[in-house]
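Which chain is which? The protein sequence lines are U and S, in order.
First residue of the first sequence: 23, per our numbering; consecutive thereafter.
First residue of the second sequence: 4, per our numbering; consecutive thereafter.
From the three backbone atoms N, C-alpha and C, an ideal C-beta is built for every residue, glycine too.
See structure below.
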Amino acid sequence: SQTIHQWPATLVQPVGSPLSLECTVEGTSNPNLYWYRQAAGRGLQLLFYSVGIGQISSEVPQNLSASRPQDRQFILSSKKLLLSDSGFYLCAWSSETQYFGPGTRLLVL
Amino acid sequence: AQSVTQPDIHITVSEGASLELRCNYSYGATPYLFWYVQSPGQGLQLLLKYFSGDTLVQGIKGFEAEFKRSQSSFNLRKPSVHWSDAAEYFCAVGLAGYQKVTFGTGTKLQVIP
């Protein structure tokens with residue numbers, strides 16, 4: 023069966039520091055991959071999605087970036103974090119249905 | 004543009020009572036429809052989905068949902084709520100062959116004893 027992992031589970035970072043969140047999927051090949059953010063009390067905001075290695079679509083302008091170096095690996099990065107980057111970050115994979123990872127809670131201070 | 008509306012931000016029900024969470028969508032074609040549940044600090048778990056066929060869909064944890072094309076709705080129901088059902092519920096809509104899914108803003112369910 024398919025499983026999706028995210029790490030770290032929780033992260034506290036100072037403003038201006040870099041960020042790297044990782045998502046990996048097991049048990050499937052060539053999945054579509056997604057990064058979402060949930061700010062406190064708000065719904066899901068799609069940040070990036072990828073239909074294949076090296077193929078990234080950005081949904082909103084921001085200081086975040088995403089990369090897909092391997093088929094089942096999806097990385098969310100930032101060179102300099104902002105306070106507004108705080109939130110709950112969710113990775114998902116899909117064929118026709120999206121399945122979510124456990125999430126990473128990021129607090130930028 | 005496609006949209007998904009969950010008109011109830013917060014719902015409180017008594018344990019053992021029935022539950023219905025509303026979801027309305029605006030799409031140009033017959034969509035794929037999903038309900039997810041999220042417990043605090045957790046990822047989203049798929050409860051059920053509708054792609055085609057029987058418009059009454061059974062899911063996990065005793066939930067069901069009914070697709071009503073004429074009303075553009077996909078409401079989630081449970082006949083008897085348990086305290087463990089307290090969570091946030093998201094309706095989502097997609098299209099066949101389209102990579103992205105549109106999520107509603109969620110409904111928080113509180114269950115009182």
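Under 8 Å by beta carbon: chain U residues contacting residue i
i       : result
T108(S) : R64, G65
F37(S)  : T119, Q120
Distance between beta carbons of residue j and residue i, contact taken as under 8 Å
i      : j      : result
N54(U) : S99(U) : No, N54(U) and S99(U) are not in contact; Cβ-Cβ is about 19 Å, not under 8 Å.
E23(S) : N78(S) : 6 Å
L98(S) : I14(S) : Not really, about 28 Å apart at Cβ, beyond 8 Å.
For residue i: DSSP bridge partner residues
i       : result
H13(S)  : K111(S)
I26(U)  : V47(U)
C94(S)  : W38(S)
G123(U) : G123(U) pairs with nothing; no bridge assigned.
Q60(U)  : L66(U), F110(U)
V130(U) : Q35(U)
Y28(S)  : V7(S)
Residue span of the beta strand (DSSP E) that contains residue i, given as start and end
i      : result
Q74(S) : No beta strand (DSSP E) holds Q74(S); DSSP gives it neither H nor E.
V73(U) : 66 to 74
I63(S) : Neither: I63(S) is in no beta strand (DSSP E) and is coded neither H nor E.
Y53(S) : 47 to 53
E23(S) : 22 to 24
P91(U) : 86 to 92
Q35(U) : 32 to 35
L98(U) : 95 to 100
Q77(U) : 77 to 80
Per-residue contacts from residue i into chain S (C-beta, under 7 Å)
i      : result
N52(U) : Those within 7 Å of N52(U) in chain S number zero; the least Cβ separation is about 12 Å.
Within chain U, partners of residue i - CB distance below 7 Å
i       : result
K103(S) : L68, Y71
CB contact check: residue i to chain A, cutoff 9 Å
i      : result
T46(U) : This model lacks chain A altogether, as its protein chains are U and S.
Under 8 Å by beta carbon: chain S residues contacting residue i
i       : result
L112(U) : G46, L47
P124(U) : Q45, G46
Using 8 Å as the Cβ pair cut-off and three pairs as the minimum, do the segment 5 to 12 of chain S and the segment 47 to 56 of chain S touch? no
If you pair each beta-carbon of the segment 84 to 91 of chain U with each one of the segment 27 to 35 of chain U, do three or more pairs fall below 8 Å? no
Three-pair Cβ contact test at 8 Å for the segment 69 to 89 of chain S versus the segment 111 to 130 of chain U: no
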